[in-house]
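Worksheet: the structure to be examined is printed underneath.
2 protein chains.
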Amino acid sequence: METKITSATREVIIGGDRPTVLIGERINPSGKKKLGEALKEDNLDIVRQEAKAQTEAGADILDVNVNIFGIDEPDLLPKAVKAVMESSELPLCIDSANPEALEAAIKVYKGKPLVNSVTGEEHSLAKILPVIKKHGTAVVGLVQDDNGIPKTPEARLAVAKKIVERAEKLGIPREDIIIDCLCLAVGAETTSGTTALGTIRLIKQELGVNMTLAVSNISFGMPDRDLLNNAFVAACIAAGITCVIVDVKKIRPAVQAADVLMNHDKHARRYMESYRQRQQEQTQK
Amino acid sequence: METKITSATREVIIGGDRPTVLIGERINPSGKKKLGEALKEDNLDIVRQEAKAQTEAGADILDVNVNIFGIDEPDLLPKAVKAVMESSELPLCIDSANPEALEAAIKVYKGKPLVNSVTGEEHSLAKILPVIKKHGTAVVGLVQDDNGIPKTPEARLAVAKKIVERAEKLGIPREDIIIDCLCLAVGAETTSGTTALGTIRLIKQELGVNMTLAVSNISFGMPDRDLLNNAFVAACIAAGITCVIVDVKKIRPAVQAADVLMNHDKHARRYMESYRQRQQEQTQK
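Protein chains in written order, with the working numbering: chain G, 54 to 338; chain B, 54 to 338.
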């Protein structure tokens, strides 16, 4: 299954045994005080800086999220999308639960974006899917519904199925749906890792759609987070995930290693390129 | 399935949702010139040093291999086993394809060792399994037969089945067989990673026995080997491997991270202990 996302000048294809697609997560005020304060003042300088930095760090797609209490999302999200388009040629993942904000942002966007996200909740299916259909975008579907986040892979598969069925009913093709398998902090819930990995394997087998995960959630509250994140991303890629929402600069080497191991990086071309680049950077220091 | 390995004073249990067991690989002259030369002179100083160093680094079991051209293995292997027993309390993995050397080493060993290894080759099954049965040890079974190392997970499962059946016929219990799924260098054969991982998943499902892997073989000939080894070991543990033959000091953090993710390390107790230890070591530097 292949999902195509585009900008005015670039095309990214997710899936089909290609290298894992890296969606840069850093344009998001959650947990970032400075960015949050700047957004409240309509100041998009940090957004532009992060767009450039993540592009240089090797992101394939940039997630754009401006949702913080006190801002007018339908006004600010399209402005942020414009600012990012001025700073990077990468395709975007427009990140909001607000259908008006999404529609306003999609309208200014040049290309076919990924929209993040719809859930299995009735109000979300009813409000978000028509926007996706109308504008022909791709969409991330979160495996949570009106009862919350299911605890078992089987129950998460059921939510994924519901999202896929409802989307297909509206005429949204299955290849434009990317399921976010969700992962909670393993420090809070010891089965979080096994549940996420079980969900990935089950959805791969039963639905065959592309899947994503914000992998670093797994290590929230734990020390040495990179160690856990690197191990987890390798296990997720081996289980069948095809794109990840991540801090690209930190996790890219581990993703590229996993891509070599899964034969997603033919002749280790990317791996070798990145290795040489890191060597060069170290020499220059 | 639980495999019990003992020394005079220690017991290690492999499997049953416990943390991944680390078998220290460094007492092995293959690729280690200094150790090889010392062994040829009957000098076991490096063997003793490595036994101590790997024990301090957190190994659970020590592999002892002295096989190098020009030495008398049935004479040297028991001497090396004695030297290691004097230097470490850990249970041992006695590593040789020579049945006389194995039997001589088992006789001097105090406890129930792991023997590494039998293969699916007729001459190996015929010579090694009776030694295992006679002394009641556990044994590593390599998934290769008279035709070599099979290329597919299904063919490797067939060899594993053959080893298990032949062992059980002799009265060796299934829990005393640990299948080595084998991995070749991904730089030479791009499907090495997917084949090894597929083999692990299939054997877990079909035979349920404990499994091991010398994971660092995967990165032979590639740059930044630790990056590949860490990603691979995480994927292997997520797929169901229960012990690994490794350079313990290098790979232990990644293994412990994967054990947290797979809920093999209850409440991340080991992970936290090792984290604090690393912090202390850094402070002391």
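C-beta atoms are modelled at their ideal positions from N, C-alpha and C, and glycine is treated no differently.
C-alpha gap between residue i and residue j, whole angstroms
i, j, result
"B/K186", "B/E175", "17 Å"
"B/K338", "B/R331", "11 Å"
"G/S149", "G/E126", "9 Å"
"G/V161", "B/T252", "49 Å"
"B/S141", "G/E103", "52 Å"
"B/L259", "G/K222", "The question names Leu, but residue 259 of chain B in the sequence shown is Glu. The straight-line gap from Cα to Cα measures roughly 39 Å."
"B/K165", "B/T172", "20 Å"
"B/K135", "B/E156", "14 Å"
"B/A291", "G/G123", "42 Å"
"G/R101", "G/D277", "29 Å"
"G/L129", "B/V301", "51 Å"
"G/A91", "G/L266", "27 Å"
"G/A154", "G/D116", "15 Å"
"B/N81", "B/S170", "14 Å"
"G/G240", "B/T205", "37 Å"
"G/T336", "B/I67", "44 Å"
"B/A288", "B/L195", "20 Å"
"G/G224", "G/K87", "41 Å"
"B/A307", "G/D95", "42 Å"
"G/M264", "G/C234", "7 Å"
"G/R323", "B/I58", "42 Å"
"B/D312", "B/V286", "10 Å"
"G/E78", "G/T56", "19 Å"
"B/N339", "G/D279", "With chain B covering only 54 through 338, there is no way to say anything about residue 339 of chain B."
"B/A158", "B/V184", "11 Å"
"G/S245", "B/K93", "51 Å"
"G/T62", "B/R329", "48 Å"
"B/N118", "B/K257", "28 Å"
"B/E334", "B/G201", "45 Å"
"B/S83", "B/V297", "18 Å"
"B/I137", "B/K85", "Looking at the sequence shown, residue 137 of chain B is not Ile but Val. Spanning the two alpha carbons is a distance of roughly 18 Å."
"G/G89", "G/H188", "29 Å"
"G/F273", "B/P131", "49 Å"
"B/I99", "G/I99", "56 Å"
"G/V217", "G/N316", "28 Å"
Nearest candidate by alpha-carbon position, reference residue i, set the options
i, options, result
"G/L318", "G/T295, G/D300, G/G274 and G/Q337", "Reading the sequence as shown, one finds Asp at residue 318 of chain G and not Leu. Comparing Cα-Cα distances from G/D318 to each of G/T295, G/D300, G/G274 and G/Q337, the minimum goes to G/T295."
"B/I18", "B/V299, B/A211 and B/P306", "Outside the shown range of chain B (54 to 338) lies residue 18 of chain B, about which nothing can therefore be said."
"B/P281", "G/L210, G/G89 and G/A310", "The question names Pro, yet the displayed sequence has Leu at residue 281 of chain B. Of the candidates G/L210, G/G89 and G/A310, the one whose C-alpha sits nearest the C-alpha of B/L281 is G/A310."
"G/C236", "G/L250, G/V262, G/V192 and G/D229", "G/L250"
"G/P72", "G/L129, G/L255, G/R278 and G/G293", "G/G293"
"G/E207", "G/T248, G/I230 and G/I225", "G/T248"
"G/T190", "G/D198, G/E218, G/P226 and G/V196", "G/P226"
"G/G261", "G/T62, G/G69 and G/R63", "G/G69"
"G/E64", "G/K163, G/I99, G/I159 and G/L210", "G/K163"
"B/T243", "B/L314, B/I271, B/Y328 and B/V137", "B/I271"
"B/I230", "B/C146, B/G89 and B/K85", "B/C146"
"B/T108", "B/K85, B/N200 and B/E139", "B/E139"
C-beta atoms of residue i and residue j nearer than 9 Å
i, j, result
"G/S269", "G/I304", "yes"
"B/A133", "B/L97", "yes"
"G/L75", "G/A112", "yes"
"G/E326", "G/M54", "no"
"G/A284", "B/A284", "yes"
"B/S60", "B/P144", "yes"
"G/V340", "G/P203", "Absent from the structure is residue 340 of chain G, since the part of chain G shown begins at 54 and ends at 338."
"B/N219", "B/L178", "One detail in the question is off: residue 219 of chain B reads as Arg in this sequence, not Asn. Yes, Cβ-Cβ distance for B/R219 and B/L178 is below 9 Å."
"B/M275", "B/A238", "yes"
"B/L314", "B/L255", "no"
"G/K215", "G/D198", "yes"
Next on the checklist: For the segment 298-317 of chain G, list every residue whose C-beta sits within 7 Å of some C-beta in chain B, in sequence order.
Outcome noted: P306, A307, A310, A311, V313, L314, M315 and N316
Checklist entry - Of the residues that make up the segment 274-287 of chain G, which ones have a beta carbon closer than 9 Å to any beta carbon in chain B? => result M275, P276, D277, L280, L281, N282, N283, A284, F285, V286 and A287
Checklist entry - Just by C-beta distance, which residues in the segment 235-247 of chain B are closer than 9 Å to chain G? => result V239, G240, T243, T244, S245, G246 and T247
Item to check | Runs of beta strand (DSSP E) lying entirely within the segment 263-299 of chain B, each at least 3 residues, in chain order | outcome: 263-265 and 296-299
Next on the checklist: Residues of the segment 250-263 of chain B in Cβ contact with chain A at a cutoff of 8 Å, in chain order, please.
Outcome noted: Here chain A cannot be found, since the structure's protein chains are G and B.
Item to check | Near-chain G residues of the segment 197-213 of chain B (beta-carbon distance less than 8 Å), N- to C-terminal order | outcome: none
Checklist entry - Enumerated in chain order, which unbroken segments of the beta strand (DSSP E) with a length of 3 residues or greater are wholly contained in the segment 118-180 of chain G? => result 145-148 and 167-172
Checklist entry - In chain order, which alpha helix (DSSP H) runs of at least 4 residues are fully inside the segment 190-230 of chain G? => result 206-222
Item to check | Residues of the segment 85-105 of chain B whose Cβ lies closer than 7 Å to any Cβ of chain G, in chain order | outcome: none
Item to check | Contacting positions in the segment 136-170 of chain G - beta carbon closer than 7 Å to chain B | outcome: none
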